[in-house]
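For reference, the structure discussed in these notes is given below.
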Ligand code: PEP
Ligand code: MG
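Numbering (this note's numbering), first residue to last: 50 to 660.
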């Protein structure tokens, strides 16, 4: 029973048994809702291995396919070797070529294909998994290191078997996408696939993939440790984006329970959505403008359908992603014109490109930075890459003749930076005037307040602009010194931290005394737990991902400005974020239990996902 050949089949048996084991994993709720479907695993750590049963007559061709893949890998290694000078690397490659001829590896894989009617990919992985396990348990370091050589070779052969792009994102409708990480560009690509859930191993509530998932209304849970071990494409997964956990291979009663919850959730969503067109006027007459955050024009229809009174944040940096060349003035113009026309008479706030840090573009040569969040990004980058900045500004200004245009500068840190941004806008205007091109003269110009510095000089900045928008995603990151992409510190994300509440109040007061409207467009705006506090602090406009609009409007319509103000004042008195959370969440949960499931994440007292 213990010889090599039978051991391989045992490892296959245990592997498939383990794959069916029920597992419940905790993460961070990134987008509410419940999704149930088969997993679509995007494993970029290693090539994904599908497991299929082949027909008996397909055995010999399958073995042939396996040999061809081995041959192609040996040739690849030969080509690499030919380009290298003599020395150690050549020796390593030579050794790897020999491993690809290893009779034991070949024989065991062939046996699995024959005896288990397995496809070559799975047979090879089962064989090498076992060899690697043996090598890794060796005392000798040399043998342990050979384990990683085999793993590397296995990947190469699998690539050859599966084709060049085995993990390109193309999930079938109804699937749950499971990945260690998804770039914003990946998530944007999911827009057209009708997936029912997103699950990632890293990321926090304000990571851009999370924001994108919310905007696409796909239930999502992020920041799940050890996610990719023991999950395979096709495994049934429940994604509970309301409570922030997933279940792999759920029991039948759990599937039924979550399906019922999903249906109830969707029914409430439908009910609230029906009233989307009513304005958000409180019972005592306070009108709060509710606008949409957009990243791509495809989201526009959804925003209008959900009752957005314009666009409060258009993340124009997405124009620089997933494309072969930098966008031209003409392209900026066409995109902005389309959005302005569709939204008129409501205004559209185009944020100038907020690239750098977590939002990179393959089209720009970003320098390696030790601390990119504090590096060359946003307005700083725009001022450095002036021609690219002017190109965008000219496009926006030209589009401004088609609807009420507002231009917003991100990450303004000082009055000098603001003046430099305004000067660039003026230069773009002059360029258009001297070229005799039609453009808007009367536009609204605003800034984002995203750093404690900007919040503290909001009164100085307010005198030079038409509006201010608080970006709490970054404001919280910079004030509390927590990287918004780092799940290890996600538990410190406390929007109701006294420092944050005081800064928001400072900006709202500065706006009020300078007659400049203050909006808030960070993720806080979309979370019903914070609606009363924000309005109570003096925020008069909220901008959020479209799907959150109906619920937030509904809450405002059911509330009085007095009670919102009273809660904000009590929150301001709290000594800690936790204390403020307790009292605010308790008050909101008592009044809006159902609403809180729709965007509130962890529910009452659940601000700390590590608790
Ligand atoms: C913010 O920082 O709150 C914001 C809205 O901008 P982004 O999330 O795009 O950085
Ligand atoms: Mg920001």
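For each residue, glycine too, the CB sits at the ideal point set by N, CA and C.
Values in this document were obtained by computation on a predicted structure and should not be read as measured data.
> Can you find at least 3 beta carbon pairs, one from the stretch 71-89 and one from the stretch 239-248, that sit closer than 8 Å?
Replying inline: yes
> Do you know how far the Cα of residue 425 is from the Cα of residue 635?
Replying inline: 41 Å
>> Please report the distance separating the alpha-carbon of residue 271 from that of residue 168.
In response: 32 Å
>> Let me make sure I understand the geometry here. Which of 362, 539, 465 and 436 has the alpha-carbon closest to that of residue 454?
In response: 362
> Which first and last residues belong to the alpha helix (DSSP H) in which residue 516 is found?
Replying inline: It is not in any alpha helix (DSSP H) - residue 516 instead sits in the beta strand (DSSP E) that spans 516-519.
> Do residue 496 and residue 517 have their C-beta atoms closer together than 7 Å?
Replying inline: yes
> What residues come near ligand 4, if near means a beta carbon less than 7 Å from any of its heavy atoms?
Replying inline: The ligand content of the structure shown is limited to ligand 1 and ligand 2, which means ligand 4 is not among them.
> Any idea if residue 315 is buried or exposed, counting beta-carbon neighbours within 10 angstroms, 16 or more meaning buried?
Replying inline: exposed
> In terms of residues, what are the limits of the alpha helix (DSSP H) holding residue 152?
Replying inline: 152-165
> Under three-state DSSP, which class holds residue 72?
Replying inline: strand
> If you scan the stretch 394-427 from start to end, which runs of the beta strand (DSSP E) of 3 or more residues do you find wholly inside it?
Replying inline: 397-400
> Does the beta-carbon distance from residue 359 to residue 392 come in below 7 Å?
Replying inline: yes
> What three-state label does DSSP hand residue 600 in the structure shown?
Replying inline: helix
> Under the three-state reduction of DSSP, which class applies to residue 289: helix, strand or coil?
Replying inline: strand
> Based on the DSSP output, what are the partners of residue 86 in its beta bridges?
Replying inline: 286
> Would you call the stretch 621-630 and the stretch 570-577 in contact, with 3 or more CB pairs under 8 Å?
Replying inline: no
>> Three Cβ pairs or more, each shorter than 8 Å: is that satisfied between the stretch 426-444 and the stretch 401-409?
In response: yes
>> For a test of your reading of the model: does the CB of residue 196 fall under 6 Å from any non-hydrogen atom of ligand 1? Yes or no.
In response: no
> If you compare alpha carbons, which of 266, 296 and 284 is closest to residue 273?
Replying inline: 296
> For residue 103, which of 172, 155, 156 and 147 has the nearest alpha-carbon?
Replying inline: 172
>> Could you check whether residue 488 and residue 458 sit closer than 7 Å to each other, using their CB atoms as the reference points?
In response: no
> Given 8 Å as the limit, is there contact between the stretch 105-120 and the stretch 278-298, that is, 3 or more CB pairs closer than that?
Replying inline: no
> Cβ of residue 392 versus every heavy atom of ligand 1: is any distance shorter than 6 Å?
Replying inline: no
> Among all the DSSP beta bridges, which residues are the ones paired with residue 364?
Replying inline: 400
> Measuring from the CB of residue 361, is there a heavy atom of ligand 1 at a distance below 6 Å?
Replying inline: no
> For the stretch 516-532 against the stretch 542-560, are there 3 or more C-beta pairs whose distance is under 8 Å?
Replying inline: yes
> Under the rule that 16 or more other beta-carbon atoms within 10 Å means buried, what is residue 205, buried or exposed?
Replying inline: buried
> DSSP on residue 249, reduced to helix/strand/coil?
Replying inline: strand
> Between the C-alpha atoms of residue 616 and residue 579, what's the straight-line distance to the nearest angstrom?
Replying inline: 10 Å
> Can we count residue 587 as close to ligand 1, meaning its CB is less than 6 Å from some heavy atom?
Replying inline: no
>> For residue 337 and residue 553, which I take to be in contact (beta-carbon distance under 8 Å), what is that distance rounded to the nearest angstrom?
In response: 15 Å between Cβ atoms; not a contact.
>> With a threshold of 6 Å (Cβ to nearest heavy atom), would residue 571 be considered close to ligand 1?
In response: yes
>> Using the Cβ count rule (16 or more neighbours within 10 Å means buried), how would you classify residue 408?
In response: buried
>> Threshold first: 4 residues or longer. Then list the alpha helix (DSSP H) segments lying entirely within the stretch 494-563, N to C.
In response: 501-505, 507-511, 521-529 and 547-562
>> Taking only three categories from DSSP, how would you classify residue 661?
In response: Residue 661 is absent from the structure shown; the chain starts at 50 and stops at 660.
>> Determine whether the beta carbon atoms of residue 449 and residue 506 lie at a separation below 7 Å.
In response: no
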